[in-house]
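Novice: The sequence shown: position 158 = 158 (UniProt numbering), numbered continuously. Let me give you the structure first, and then I'll get to my questions.
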Amino acid sequence: MLRRMLFSFLSRFSGIKMKQRLDYRNKIILAPMVRVGTLPMRLLALEMGAQIVYTEELVDLKLIKSIRRPNPALGTVDFVDPSDGTIIFRTCALETSQLVLQLGTSDAARALAVGKLVQHDIAGLDINMGCPKEFSIKGGMGAALLSQPDKAAHILSTLCSELDIPVTCKIRILPDTLDTINLVKKLAATGIAAIGIHARTRDERPTHRPHPDVLRAVASAVDIPIVANGGSRYIRCYEDIHKFQQDCGAHSVMVARAAQLNVSIFRKEGLLLVDEVIEKYLRLCVDYDNAPHNTKYCVQSILSGLQETPRGKRFLQCQTLQQICEIWNLGDYCRRRNQELKELGNCGRALVTPADTDDNLEIKRRKLDLNENMGAEEGVITRHMAFLRSTYAKDKQLPKSVLYVHAGRMSKEPPAYETQQCDKLFRSICSYDGQSYTSSFWEKNKKQAEQGAAMVALLHLGQLDEAELRDNGSLIS
């Protein structure tokens, strides 16, 4: 209590600028979603009209060991795993006042350590007490805390008394309405600013109907804001969000799956077309150097059934952000931005050098050796080229076959391939007519690596069109 009074006094009279505390009433919120709630999607949700955005659930043990690093190239703050340089959490000033970090934890001391580490870069901290997934349950996190109300309350009260930002939690309803009310009362007594409630039990899934009547009963029994969640199955437009809020008698609404499918669900003016949403999202991914695998996952969700179209199948073959951008006519934008980041230094990556563990050193050494042997060796023609199976129709010959036929037509010896593997990735050298060819792009299997090397050979021999390869994303640089 004394700490909070001091914070209030400093805010009013000392001239020190303090962040305005987050208000959870009458808000439309992007829910925490694993692999979805990264920086580009959060920023796009805010642009579309969301008033608060949650990160994906981040586990305390990962964040505790992270290092906070400002990233001047991107204008972000990165929390980085020092062992391998992995970005655990990335944020920027555009979202700070509306950002809530959701934490997976089962320990008050660890949760507090994380809270103190991140509290100056977020507007609120939420404790996940509702996730029913096995990973969370086995770690004593998520829905496991629903059966340990004293422990859950201790975590929340510790955070509320020690942090300068509002603390919340997100739960699921219990099978009995009265038990749910009593649990919420116990948690509310810790000093939390709001509580998010998914309107299903721990064992129910999205195919089950939500229980808005339970949320109405809870909302009328406590004074803190209730944030309703679990209605995406019935949310098809902006107006449906408010209808779900009214059905639940809640103060605010948290949208998950409906936003994952089309984040423009937050627009009062109505939904945008899928392509427009994807283009906006991809620009943010390029601007903030989002990981290709994360970008691909989110675009895949937006495409939904359109993955079966020719363009969708081509997209599924993509492995890089550049390749994805080419499909939505953002290839030039991606190249320009990447060049800007290079000029700013370190290509936008966090300024952390991965620890030189024995494994990391061995992987580095092997890749350097292979690169020197395959790319820098005199006489080896190298291009950065990826083999995309989706660009070849069923009746169209693959590069290796084309090169083989070309060799026969020219009365040359057939090409030979030497493939090397490193850290589950592959690169190949194609030897043909006294010349060696390779791609500097590491492929996920031996066959694709050989096809990539054959493509380099065919391009050099004038059997492939360079402009076409750039257009379809195969020729990266």
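From the three backbone atoms N, C-alpha and C, an ideal C-beta is built for every residue, glycine too.
Would you kindly report the start and end of the unbroken beta strand (DSSP E) that includes residue 228?
Specialist: Run containing residue 228: 226-229, per the beta strand (DSSP E) assignment.
Novice: Under 8 Å between the Cβ atoms of residue 482 and residue 193?
Specialist: Absent from the structure is residue 482, since the part of the chain shown begins at 1 and ends at 477.
Novice: Helix or strand or just coil, what does DSSP make of residue 439?
Specialist: Three-state DSSP puts residue 439 in a strand.
Novice: Count the other C-beta atoms from every protein chain shown that fall within 10 angstroms of the C-beta of residue 237, then say buried if there are 16 or more, exposed otherwise.
Specialist: Burial call: exposed.
Novice: Please return the same chain residues whose Cβ sits closer than 6 Å to the Cβ of residue 318, not counting the five positions on each side in sequence.
Specialist: So the list reads 324, once near-sequence residues are dropped.
Novice: What is the rounded straight-line gap between the Cα of residue 303 and the Cα of residue 261?
Specialist: If I take the Cα positions, the gap works out to 8 Å.
Novice: Quick test of the definition: if touching needs 3 or more C-beta pairs under 8 Å, does the region 446-458 touch the region 380-394?
Specialist: Segments in contact, yes.
Novice: Name the DSSP bridge partner or partners of residue 53?
Specialist: The partner list for residue 53 (beta bridge, DSSP) reads 30 and 99.
Novice: Please decide whether residue 384 counts as near chain B, where near means a Cβ-Cβ distance under 8 Å.
Specialist: In the structure shown, chain B does not exist; there is a single protein chain.
Novice: So residue 129 packs on residue 298, CB below 8 Å; how close in whole Å?
Specialist: Not really, about 26 Å apart at Cβ, beyond 8 Å.
Novice: Do the region 243-256 and the region 215-228 meet, that is, are 3 or more Cβ pairs less than 8 Å apart?
Specialist: The region 243-256 vs the region 215-228: in contact.
Novice: Going by Cα to Cα distance, which pick from 268, 337 and 263 is closest to residue 277?
Specialist: Nearest C-alpha to residue 277: 263.
Novice: Roughly how far, in whole angstroms, is the beta-carbon of residue 172 from the beta-carbon of residue 143, given that I think they are within contact range, below 8 Å?
Specialist: Yes, they are in contact, since the Cβ atoms of residue 172 and residue 143 sit about 6 Å apart, within 8 Å.
Novice: Among the residues of its own chain, which have a CB less than 6 Å from the CB of residue 473, if the five just before and after it don't count?
Specialist: Counting only Cβ-Cβ distances below 6 Å, and skipping sequence neighbours, we find 323 and 326.
Novice: Pick out the complete beta strand (DSSP E) segments inside the region 81-135, 3 residues or longer, and give them in chain order.
Specialist: Runs found: 87-92, 99-104 and 124-129.
Novice: Report the residue ranges of all beta strand (DSSP E) runs contained in full by the region 145-225; include only those spanning at least 3 residues, in chain order.
Specialist: Fully enclosed beta strand (DSSP E) runs of 3 or longer: 167-172 and 194-198.
Novice: So, for residue 22: in the same chain, excluding its five sequence neighbours on each side, which residues have a beta-carbon less than 6 Å away from its beta-carbon?
Specialist: Cβ within range, chain order: 123, 124 and 166.
Novice: According to DSSP, residue 381 sits in a beta bridge with which residue or residues?
Specialist: BP columns for residue 381 point to 437.
Novice: Any idea if residue 339 is buried or exposed, counting beta-carbon neighbours within 10 angstroms, 16 or more meaning buried?
Specialist: With fewer than 16 other Cβ atoms within 10 Å, it is exposed.
Novice: Only counting the same chain, and skipping five residues up and downstream in sequence, which positions put a Cβ closer than 7 Å to that of residue 356?
Specialist: Any reading at residue 356 must be qualified, since the residue scores a pLDDT of 47, below 50, and its modelled position is unreliable; no value is offered.
Novice: Using a 10 Å radius around the Cβ and a threshold of 16 neighbouring Cβ atoms, would you call residue 268 buried or exposed?
Specialist: With fewer than 16 Cβ atoms within 10 Å of its Cβ, residue 268 is classed as exposed.
Novice: At which residues does the beta strand (DSSP E) containing residue 71 begin and terminate?
Specialist: Element bounds for residue 71: 67-71.
Novice: Taking contact to mean at least 3 C-beta pairs separated by less than 8 Å, is the region 76-92 in contact with the region 104-114?
Specialist: No: the two stretches stay apart, fewer than three of their Cβ pairs being nearer than 8 Å.
Novice: DSSP three-state label for residue 265, please.
Specialist: Three-state DSSP puts residue 265 in a helix.
Novice: Going by C-alpha to C-alpha distance, which of 466, 149, 46 and 218 sits closest to residue 186?
Specialist: When each option's Cα is compared against that of residue 186, the closest is 149.
Novice: Using only the alpha-carbon positions, how far apart do residue 328 and residue 188 sit?
Specialist: Going from the Cα of residue 328 to the Cα of residue 188 covers about 47 Å.
Novice: Using DSSP with H/G/I as helix, E/B as strand and the rest coil, what is residue 416?
Specialist: Strand at residue 416.
Novice: Since residue 301 is in the alpha helix (DSSP H), which residue starts that stretch and which ends it?
Specialist: Counting along the chain, the alpha helix (DSSP H) containing residue 301 begins and ends at 292-303.
Novice: Assuming residue 335 is part of the alpha helix (DSSP H), what are its boundary residues?
Specialist: 331-344 is the span of the alpha helix (DSSP H), which, as asked, contains residue 335.
Novice: Check whether the Cβ atoms of residue 80 and residue 57 lie closer than 8 Å to each other.
Specialist: For residue 80 and residue 57, no; Cβs fall outside 8 Å.
Novice: Mind checking residue 134: buried by the 16 CB within 10 Å criterion, or exposed?
Specialist: It is exposed - the Cβ of residue 134 has fewer than 16 other Cβ atoms within 10 Å.
Novice: Am I right that residue 121 and residue 77 are in contact with their C-beta atoms under 8 Å? What's the rounded C-beta distance?
Specialist: Indeed, because the Cβ distance is near 5 Å, the residues count as touching under 8 Å.
Novice: Would you check if the distance between the CB atom of residue 288 and the CB atom of residue 99 is smaller than 8 Å?
Specialist: Contact flag unset, no.
Novice: Between residue 475 and residue 469, which are expected to be in contact by the criterion C-beta below 8 Å, what is the C-beta distance as a whole number of angstroms?
Specialist: Right, the Cβ-Cβ distance comes to about 4 Å (below 8 Å), so this counts as a contact.
Novice: So, with DSSP's three-state summary, where would you put residue 309?
Specialist: Reduced to three states, the DSSP call for residue 309 is coil.
Novice: Under DSSP, the alpha helix (DSSP H) around residue 274 begins and ends at which residues?
Specialist: Note, residue 274: alpha helix (DSSP H), 274-287.
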